[in-house]
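Peer 1: Handing you a structure now.
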Amino acid sequence: MFIGWAFWPTLADIRARPSLLLRPLALRRAFFTHVWAIFAQHIDEGGKEIKSKLVTPHALGVVLEIGAGHGHTAHYLDISKVTRYVALEPNLGFHAHIRQHAHDAGFVEADGTLLILGTGGEDIAGIIHSLGPSSVDTLLSIHSLCSVPNPKSTIRALVHRVLKPGGQLLSYEHIEGRTRGVRFAQAMLNPIWTMFFDGCNIGRP
């Protein structure tokens, strides 16, 4: 059903920008922009209890979120403890949503408490160029490592090169199912899921 809901606005995007047909990744992200508009609020509400316990009492200082999505995480940050919210999000169609949610939570670009970077967590050089080495107090990954090409090496590099000594990594991810039946279903669904959900792998270990 969500495919139908996202199809028509994506078609409008193609009519406005025919070059999308020549850029598969850009087209996939344009489609996912409309898909996520349907799911984002519901997924945030579904994980509210866990995120309130994981993020709110622990995140502090400069917080870097990998794959910020629409920026719902900003509402879980304690502004008395967080000095800057850095949102990594390669899908530029999400940036307006990030900006709005962050502003509602008290983080704004004008005073430097908000920085939105249009890149993924794997772009270590770009992140360091924008922030400097070992400059982040808290790394956040919430339902985002599923779409990072090489999550283990990416997290290792972020921890060693971007996180301050003594900094922390807070993570809440969906992973491979515990039972054989669930893992089989994930494996069968994953090729289609990955295509429609911008690279999300639903069965990563």
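Numbering (the numbering used here) for the sequence shown: 1169 to 1373.
Even glycine gets a Cβ: it sits at the ideal position worked out from N, Cα and C.
If we require 3 or more residues per run, which beta strand (DSSP E) segments fall completely within the region 1279 to 1314?
Peer 2: 1282 to 1285, 1304 to 1310
Peer 1: Who are the Cβ neighbours of Ala-1325 in its own chain at under 6 Å, not counting the five residues just before and after it?
Peer 2: Along the sequence shown, one-based indexing puts residue 1325 at 157. Answer for Ala-1325: Ile-1292, listed in chain order.
Peer 1: Give every residue of the same chain whose Cβ lies closer than 8 Å to the Cβ of Leu-1245, excluding the five residues on either side of it in the sequence, and list them in chain order.
Peer 2: In the sequence shown, counting from the first residue as 1, residue 1245 sits at position 77. So the qualifying residues of the chain are Val-1223, Thr-1224, Ala-1227, Val-1231, Tyr-1253, Ala-1273, Phe-1275.
Peer 1: Which residue marks the beginning of the alpha helix (DSSP H) containing Lys-1221, and which one marks its end?
Peer 2: Taking the sequence shown and counting its residues from 1, one reaches residue 1221 at position 53. Under the DSSP assignment, Lys-1221 falls in the alpha helix (DSSP H) whose first and last residues are 1216 to 1222.
Peer 1: Report the option in Leu-1260, Ile-1323, Arg-1329 whose CA atom is closest to the CA atom of Ala-1194.
Peer 2: For this step, residue 1194 is matched to residue 26 along the sequence shown. Ala-1194 has its Cα closest to that of Leu-1260, out of Leu-1260, Ile-1323, Arg-1329.
Peer 1: Ends of the beta strand (DSSP E) at Ile-1343?
Peer 2: Residue 1343 sits at position 175 when you count from the first residue of the sequence shown. DSSP places Ile-1343 in no beta strand (DSSP E); its state is neither H nor E.
Peer 1: For the region 1361 to 1373 against the region 1182 to 1200, do three or more pairs of beta-carbon atoms, one drawn from each stretch, fall closer than 8 Å, so that the two count as touching?
Peer 2: yes
Peer 1: So, helix, strand or coil for Lys-1332, using DSSP?
Peer 2: Start at 1 with the first residue of the sequence shown, and residue 1332 comes out as number 164. It is a strand residue.
Peer 1: What residue range is occupied by the uninterrupted alpha helix (DSSP H) comprising Ile-1234?
Peer 2: Looking up residue 1234 in the sequence shown gives position 66. Premise fails: Ile-1234 lies in the beta strand (DSSP E), 1229 to 1234, not in any alpha helix (DSSP H).
Peer 1: Enumerate in chain order the residues of its own chain whose CB-to-CB distance from Arg-1267 is below 7 Å, with the five nearest sequence positions on each side excluded.
Peer 2: One-based indexing of the sequence shown puts residue 1267 at position 99. Same-chain partners within the cutoff: Ile-1284.
Peer 1: Do you know whose CA, among Ile-1234, Ser-1312, Ile-1296, Ala-1270, lies nearest Lys-1332's CA?
Peer 2: Numbered from its first residue, the sequence shown carries residue 1332 at position 164. The candidate whose alpha carbon is nearest that of Lys-1332 is Ile-1296.
Peer 1: Considering only residues of the same chain and omitting the five flanking positions on each side of Ser-1303, which have a CB-CB separation below 6 Å?
Peer 2: By 1-based counting over the sequence shown, the position of residue 1303 is 135. Closer than 6 Å at Cβ, skipping near neighbours: no residue.
Peer 1: Would His-1313 and Glu-1233 qualify as a contact pair, given that the criterion is a beta-carbon distance under 7 Å?
Peer 2: By one-based count along the sequence shown, residue 1313 stands at place 145. By one-based count along the sequence shown, residue 1233 stands at place 65. The sequence given here has Leu at residue 1313, not His. Contact: no.
Peer 1: Here's a check: name, in chain order, each residue in its chain whose Cβ is nearer than 6 Å to the Cβ of Phe-1200, leaving out the five neighbours to either side.
Peer 2: Taking the sequence shown and counting its residues from 1, the one referred to as residue 1200 is at position 32. Once the five neighbours on either side are set aside, the close Cβ partners of Phe-1200 are Asp-1366.
Peer 1: Which of helix, strand or coil does DSSP assign to Thr-1241?
Peer 2: Locating residue 1241 in the sequence shown gives position 73, where the first residue counts as 1. Helix, per DSSP.
Peer 1: Where does Arg-1252 fall in DSSP's three states?
Peer 2: What you label residue 1252 is simply residue 84 of the sequence shown in a count that begins at 1. Under the three-state reduction of DSSP, Arg-1252 is assigned to strand.
Peer 1: Between the Cα of Ala-1174 and the Cα atoms of Ala-1242, Ser-1339, Asp-1212, Ala-1205, which residue gives the shortest distance?
Peer 2: As a first step, residue 1174 must be located in the sequence shown, where it is residue number 6. Cα-wise, what sits closest to Ala-1174 is Ala-1205.
Peer 1: Based on the DSSP output, what are the partners of Leu-1337 in its beta bridges?
Peer 2: Walking along the sequence shown from the start, residue 1337 turns up at place 169. Partner(s): Leu-1307.
Peer 1: Would you kindly work out how many angstroms separate the C-alpha atoms of Ala-1255 and Asn-1318, rounded to a whole number?
Peer 2: For the purposes of this step, residue 1255 is taken as the residue at position 87 of the sequence shown. For the purposes of this step, residue 1318 is taken as the residue at position 150 of the sequence shown. In this structure, the CA atom of Ala-1255 is about 19 Å from the CA atom of Asn-1318.
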